[in-house]
Amino acid sequence: MSEQLLPIIFKDDHLQILDQRQLPNKIVYNKRKTIEEVFHAIKDMELRGAPLIGITAAYGMYLSVLEFKGDSKALLNQLKDNGDYLVKARPTAVNLAWAIKRMIATAKRNHEKEPEEIKKELLSEAVLINKEDVEICKSIGEKLLTLLKKGNGLLTHCNAGALATYQYGTATAPMYLGHERGWKFKIFTDETRPYNQGARLTAFELSEAGMDVTLICDNMAGVVMSQGKVDAVIVGCDRVASNGDTANKIGTMTLSVLAKEFGIPFYIAAPTPTIDMETPSGKEIPIEERPHEEITTFKGERVAPENISVYNPAFDVSQAENITAIVTEKGIVYPPYKENLAKLMKG
Ligand code: MRU
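Here it is as structure tokens:
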């Protein structure tokens, strides 16, 4: 993974953020420093993917108080205000709120220290969240490999790849690890309308890594499944409810239903920070709606009538009953999810 393109690079007093909107055509890093810049980087899709949003938010929280002058109590209040603002950048991926809470908890734990010491603790916590993500992804990859065989056909959706995390990705982790070990998977990636994360990002990163990857339109998934080309569907997640219902990129739910129809295992690659035990089911997961232009235009050109009504939910919920297993860094969880996720998260 050494020559891999990193989605963010932390540089002491700012972040260099790879502008994923310009991939695969251009590799551009933008300097982001203020909380407003980090908010917009997340909201406007400069970076995306649940784990990466969490890591970036952690660094963003640190940067937001780096130049703060005031006592420790005032610093904590400022951090909380910044968290209240940042958490509104995107609603579905729970990693955003999770990382913000963890940063505020760090400041609270250290509230008796001097402000400069608290800032150091915040930086250590952000770096730790970043490091943990790499280990989480690797561990998910190893666990998923135990469910796969050499030469398997794999289908994925959106980008739950290295560009959505820090390295390896979640759904793509077994693909990277398998590739290193000569497992020769045949990977299909949906283009993932309307934002094309599959075409622009997953097809890009997997082919750059030298894997056998084939791009299909979202509406071709049923055909490749019916032709026996898919042995497993592996997708990421933005929020797993405590009953196992899972929100991921729009189109994932359709794949879960198709996979069931064709008797193909449907796996969720789920870091535990994406499991939200406080959300009881998919019904309570907030689903982001994105601008209509994502559907009515293509590369800036209008492709639909003016004034047409548009509905553009960015995520959907796969029902727990259609999920074969939820694969976390701590272990593989099978139904019944309510009981088994509770056990995993307590352990
Ligand atoms: O809108 P996006 O690109 O942030 O959506 C990303 C996804 O749906 C991913 O599958 C999910 O965040 C998991 S990333 C490891």
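Read in order, the letters of the sequence shown are residues 7 to 353 in the working numbering.
Backbone N, C-alpha and C fix where the C-beta goes; we use that ideal spot for every residue, glycine too.
Exercise. Enumerate in chain order the residues of its own chain whose CB-to-CB distance from PHE268 is below 7 Å, with the five nearest sequence positions on each side excluded.
Key: As a working mapping, residue 268 is identified with position 262 in the sequence shown. Result list for PHE268: MET231 and SER232, in chain order.
Self-check item: Inside the stretch 13 to 66 only - alpha helix (DSSP H) runs reaching at least 4 residues
Solution: Entirely contained in the stretch 13 to 66, the alpha helix (DSSP H) runs reaching 4 residues are, in chain order, 41 to 49.
Quiz item: Hey, how far is the Cα of MET351 from the Cα of VAL219?
Solution: The residue you call residue 351 lines up with position 345 of the sequence shown. The residue you call residue 219 lines up with position 213 of the sequence shown. Each residue's Cα considered, the two are about 34 Å apart.
Self-check item: Contained beta strand (DSSP E) runs [length at least 3] in the stretch 117 to 182, N- to C-terminal order
Solution: 159 to 162
Quiz item: Apart from the five residues just before and just after ASN101, which ones in its own chain have a Cβ nearer than 7 Å to its Cβ?
Solution: Walking along the sequence shown from the start, residue 101 turns up at place 95. If we look at ASN101 and ignore the five residues flanking it on each side, its Cβ neighbours are ALA56, PRO57, ILE59, GLY60, PRO279 and THR280.
Quiz item: So which of GLU197, LYS149 and ARG199 has the shortest CA-CA distance to TYR182?
Solution: Against the sequence shown, residue 182 aligns to sequence position 176. Of the listed residues, the one whose Cα sits closest to TYR182 is LYS149.
Practice problem: Kindly indicate which residue of LEU347, MET226, ALA310 and ASP237 has the alpha-carbon position closest to the one of LYS192. | Solution: For this step, residue 192 is matched to residue 186 along the sequence shown. Comparing alpha carbon positions, the residue from LEU347, MET226, ALA310 and ASP237 closest to LYS192 is ASP237.
Self-check item: Whole-angstrom distance between GLY242 and LYS107, CA atom to CA atom
Solution: Position 101 of the sequence shown, counting from 1, holds the residue named residue 107. Position 236 of the sequence shown, counting from 1, holds the residue named residue 242. Roughly 22 Å between the two C-alpha positions.
Practice problem: Let me know if ILE314 comes out buried or exposed under the rule of 16 or more other beta-carbons within 10 Å of its beta-carbon. | Solution: For the purposes of this step, residue 314 is identified with residue 308 of the sequence shown, where counting begins at 1. Exposed, since its Cβ has fewer than 16 Cβ neighbours within 10 Å.
Quiz item: So, ALA166 versus THR178, is the Cβ gap smaller than 8 Å?
Solution: Start at 1 with the first residue of the sequence shown, and residue 166 comes out as number 160. Start at 1 with the first residue of the sequence shown, and residue 178 comes out as number 172. Yes.
Quiz item: Excluding sequence positions up to five away, which residues of its chain have a Cβ less than 8 Å from the Cβ of GLU43?
Solution: As a position in the sequence shown, residue 43 is number 37, starting the count at 1. None.
Quiz prompt | Straight-line gap, SER8 to GLY353 (C-alpha atoms, nearest Å) | solution = The residue labelled residue 8 in the question sits at position 2 within the sequence shown. The residue labelled residue 353 in the question sits at position 347 within the sequence shown. Annotation note: pLDDT 43 at SER8 (below 50); position unreliable, no value reported.
Quiz item: Roughly how many whole angstroms lie between the Cα atoms of GLU290 and SER248?
Solution: Your numbering for residue 290 matches position 284 in the sequence shown. Your numbering for residue 248 matches position 242 in the sequence shown. Between the C-alpha atoms of GLU290 and SER248 there is a straight-line separation of about 11 Å.
Self-check item: Distance between beta carbons of VAL316 and TYR273, contact taken as under 8 Å
Solution: Taking the first residue of the sequence shown as position 1, residue 273 is located at position 267. Taking the first residue of the sequence shown as position 1, residue 316 is located at position 310. The Cβ separation is near 32 Å, so there is no contact.
Exercise. For GLN28, count neighbouring Cβ atoms within 10 angstroms of its own Cβ and tell me buried if that reaches 16, exposed if not.
Key: As a working mapping, residue 28 is identified with position 22 in the sequence shown. GLN28 sits exposed, since fewer than 16 C-beta atoms from the chains shown fall within 10 Å of its C-beta.
Quiz item: In whole angstroms, what is the alpha-carbon distance linking GLU307 and HIS298?
Solution: By 1-based counting over the sequence shown, the position of residue 307 is 301. By 1-based counting over the sequence shown, the position of residue 298 is 292. Cα to Cα, the separation comes out at about 13 Å.
Practice problem: Could you tell me how far apart the beta carbons of GLU294 and ALA320 are, in whole angstroms, since I believe they sit closer than 8 Å? | Solution: By 1-based counting over the sequence shown, the position of residue 294 is 288. By 1-based counting over the sequence shown, the position of residue 320 is 314. Right, the Cβ-Cβ distance comes to about 4 Å (below 8 Å), so this counts as a contact.
Quiz item: Roughly how many angstroms lie between the CA atoms of GLU120 and GLY288, to the nearest whole one?
Solution: Start at 1 with the first residue of the sequence shown, and residue 120 comes out as number 114. Start at 1 with the first residue of the sequence shown, and residue 288 comes out as number 282. Cα to Cα, GLU120 sits roughly 43 Å from GLY288.
Self-check item: Closest residue to ILE329 among ASP282, THR302 and GLY250 (Cα-Cα distance)
Solution: Looking up residue 329 in the sequence shown gives position 323. The shortest C-alpha separation from ILE329 is found at GLY250.
Quiz prompt | Classification of ARG54 by the beta-carbon crowding that lies within 10 angstroms, buried from 16 upward | solution = The residue you call residue 54 lines up with position 48 of the sequence shown. That one is buried.
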